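Note that the working numbering gives residue 612 to position 447 of the sequence shown, counting from 1, and the numbers run on in steps of one.
Cβ coordinates follow ideal geometry from the N, Cα and C atoms, glycine included.
Remember, predicted model here, so these are calculated numbers, not experimental data.
Working notes for the structure below.
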Amino acid sequence: RQRALLWAVLLASWEAAWGQLRYSVPEEMPKGSFVGDVAKDLGLQLPAIRDRSVRIVSEGSMQYFALHGKSGHLVTAERIDREQLCESVQQCVLRCELIVEGQMQVYRIEVEITDINDNAPIFKEVELEERMSEATVPGSRFPLAEAHDPDAGRNSLQSYELSGDEHFSLAVQAGPGGDQRPELVLAKALDREEAAFHELVLRAMDGGDPARTGTARIRVTVLDANDNAPVFSQAEYTVRVPEDVPVGSVLVTVTATDADEGLYGHVKYSFKKITERASKIFHLDSEMGAIALLRTLDFEEGDSYELEVQARDGGQLFDTAKVVITVTDINDNAPKISMRSTLSEISEDSPSGTVVALLHIHDRDAGTNGEVLCSLDGNVPFRLEKSFDEYYRVVTARELDREQVSEYNVTVRAADGGSPPLQSSAVLALRVLDVNDNAPVFAEERYSARLAENNAAGALVLTSVVLRVRATDADTGSNGRVSYSFGSVPDVVGALFAIDSESGEVRTAGPLDFEEKNKYIFGVEARDGGGLTSHCEVQIDITDENDNDPEI
């Protein structure tokens with residue numbers, strides 16, 4: 166096990182071109198085993214990983230890999246069984262994506278699961294029975310049950326050997342897919358009166374180091390002569406069925422005839438070769454040859470099945486035919502929208518083209534049924550851009566204005582090309598943050614008031630709320646908070662008048678004298694928290710009081 170781990174580490178290869186890494190790791194490694202140094206290979210900073218700004222996502226319910234927060238290593242999240250994940254697949258590759266949220270980046274990671282010799286060849290039945298006529302000609306061949314070894318390469322099934330009786334020898338034929346098919350060869354003529362039974366041992370061996378073996382015992386029963394074997398009406402049966410065909414339906418019926426009579430002419434059907442998955446889906450009527458559906462088909466799980474059916478008569482003569490069942494797709498899956506990374510807030514001065522969300526949109530159907538068209542609902546200042554494969558980005562289409570719209574609920578809609586089309590949607594909630602892009606605005610450009618002379622210090626100059634100096638700012642927070650002050654005014658104005666910075670009320674600060682000056686005109690400035698300003702003009706007319714005696 167340690168040697169396998171060291172071998173995986175030495176052989177781990179990666180490529181960062183086009184945002185893709187590739188590693189390899191042996192199967193059956195403990196949870197937490199090292200797969201690759203993602204942080205080093207991508208130049209990622211460990212603090213970003215610890216802050217969970219970098220994460221691993223995988224399609225499907227099982228997560229086989231995780232990102233170690235302290236080291237930045239990609240490690241196994243579960244013990245991985247290659248044979249369980251990749252049945253009948255020579256190269257087992259698992260895929261996941263690494264999302265860098267702050268950069269809106271996606272990196273595809275492929276991990277090849279290499280095989281170890283953890284399975285011995287196994288016969289489906291360890292006790293086999295062959296029935297042969299005593300008239301069987303030497304050199305005749307009889308197919309034997311094949312052993313199954315789910316391992317790959319040299320660790321898979323490599324050879325067979327037979328022991329136990331001089332009447333028989335073993336021949337191994339190569340099947341269409343390169344698999345080995347053992348055959349029992351009659352080397353010496355049988356004599357039922359001399360021996361009614363023969364006991365043999367068939368051994369299957371893989372190429373592991375050390376090699377693993379599996380055995381099956383064969384009991385050969387010698388029968389009276391049967392000189393006609395069953396013959397199928399076709400060497401190959403093909404049928405196409407939609408994936409929504411009802412359970413219990415007969416998909417195809419195979420037919421074989423035997424020219425013999427009685428027991429030797431009675432044909433029974435059985436599966437000669439069928440995968441474990443297919444055996445749970447299809448049922449073969451041994452008498453009628455009808456292949457029926459045991460459970461619902463799913464095009465996304467399997468679109469084609471190849472079976473071998475054997476017809477055997479009562480004298481154990483046989484014929485074999487191939488059955489190919491092709492499953493056609495129907496539009497039974499709506500597109501799935503996954504929010505890989507999103508923003509919840511955006512500044513209103515963000516430039517056009519700013520990315521606010523990274524989406525993954527996938528439809529499990531095939532062909533036109535799996536072609537997805539994406540759009541955004543309503544007249545919103547956003548647009549969709551294709552990133553790569555099934556990834557899309559939601560970006561700003563123009564500059565935003567918080568004073569017009571402060572929040573958006575952006576609906577992303579995906580529809581497939583089926584008839585009728587299936588669709589799904591997801592909502593992106595986005596709040597627009599304020600920037601100081603609005604200066605205060607006075608209600609009036611010019612304010613005026615009349616005030617009697619000799620008014621007491623502190624008297625309100627603009628007594629009416631309507632005449633109070635007032636400015637508003639469309640921004641929010643500190644950007645919208647307005648304070649008031651005099652502009653550049655003569656010292657005499659600053660000595661006689663004062664303005665409240667919050668309310669805008671102008672009051673007297675000293676005594677006024679009509680005979681000295683009867684009109685004051687000065688400017689008032691409104692400034693917001695971001696430093697933007699505006700100005701207005703205030704005119705105060707002083708009215709005369711009878712406060713002077715005549716002089717001679």
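- Put simply, of ASN713, GLY688, ALA300, LYS445 the residue whose alpha carbon is nearest the alpha carbon of VAL703 is GLY688.
- Residue pairing by DSSP places CYS539 opposite ALA579 in a beta bridge.
- DSSP, reduced to helix, strand and coil, places GLN704 within a strand of the structure shown.
- Take the alpha-carbon of ASN544 and the one of ALA562: they are about 11 Å apart.
- Annotation: the continuous beta strand (DSSP E) that includes SER506 extends over 501-507.
- The distance from the Cβ of LEU232 to that of ARG244 is about 18 Å, inconsistent with a contact at the 8 Å cut-off.
- Judged by DSSP secondary structure, ARG611 falls within the beta strand (DSSP E) whose first and last residues are 611-617.
- The Cβ-Cβ distance between PHE288 and ALA317 does not fall below 7 Å.
- PHE362 is not a Cβ neighbour of ALA486, given a cutoff of 7 Å.
- A direct Cα-Cα distance of roughly 8 Å separates ARG672 from ASP665.
- For SER552, there is no enclosing beta strand (DSSP E), as DSSP gives it neither H nor E.
- Per DSSP, LEU661 is one residue of the alpha helix (DSSP H) stretching across 656-661.
- CA-CA distance, PRO308 to ARG296, rounds to 12 Å.
- Shortest Cα-Cα distance from THR418 to any of PHE436, VAL406, MET453 involves MET453.
- Remark: fewer than three beta-carbon pairs, one from each stretch, lie closer than 8 Å, so the stretch 508-528 and the stretch 319-336 are not flagged as touching.
- Beyond the five residues adjoining it in sequence on each side, GLY379 comes within less than 7 Å, by CB distance, of ALA285, PRO286, ILE287, PHE288, ALA312, ALA369 in the same chain, given in chain order.
- When the beta-carbon positions are compared, ASP640 and ASN601 come within less than 7 Å of each other.
- If you look at ASP693, you'll find it in the beta strand (DSSP E) that goes 684-693.
- Secondary structure note for ASP206: its alpha helix (DSSP H) is the uninterrupted segment 203-207.
- Exposed is the label assigned to GLN256, since fewer than 16 other Cβ atoms lie within 10 Å of its Cβ.
- Beta-bridge partners assigned by DSSP to ASN574: ALA594.
- Counting along the chain, no alpha helix (DSSP H) covers GLN210, and no H or E run does either.
- Under the 8 Å Cβ criterion, the stretch 406-416 counts as touching the stretch 486-503, having at least three qualifying pairs.
- The DSSP-derived three-state label of ALA376 is coil.
- Counting C-beta pairs closer than 8 Å gives three or more between the stretch 189-200 and the stretch 232-241, which meets the contact rule.
- Of the other Cβ atoms in all chains shown, 16 or more fall within 10 Å of the Cβ of ALA394; this residue is therefore buried.
- The beta carbons of VAL634 and GLY659 sit no closer together than 7 Å.
- Here LEU322 carries a strand assignment [DSSP, helix/strand/coil].
- Of the other Cβ atoms in all chains shown, 16 or more fall within 10 Å of the Cβ of HIS332; this residue is therefore buried.
- A straight line joining the alpha-carbon of HIS525 with that of ARG319 spans about 39 Å.
- In the assembly as shown, ARG306 is an exposed residue. Its beta-carbon has fewer than 16 other beta-carbons within 10 Å.
- Collapsing the DSSP output to three states places THR673 in a strand.
- One thing to note: ALA455 has its Cβ within 7 Å of the Cβ of VAL415.
- Using a 10 angstroms sphere on the CB of THR301, the tally of other CB atoms reaches 16 or more, which defines it as buried.
- When secondary structure is reduced to three states using DSSP, ALA608 falls in the coil class, being assigned neither helix nor strand.
- Contact between LEU263 and VAL203 holds: their C-beta atoms lie close to 6 Å from each other, under 8 Å.
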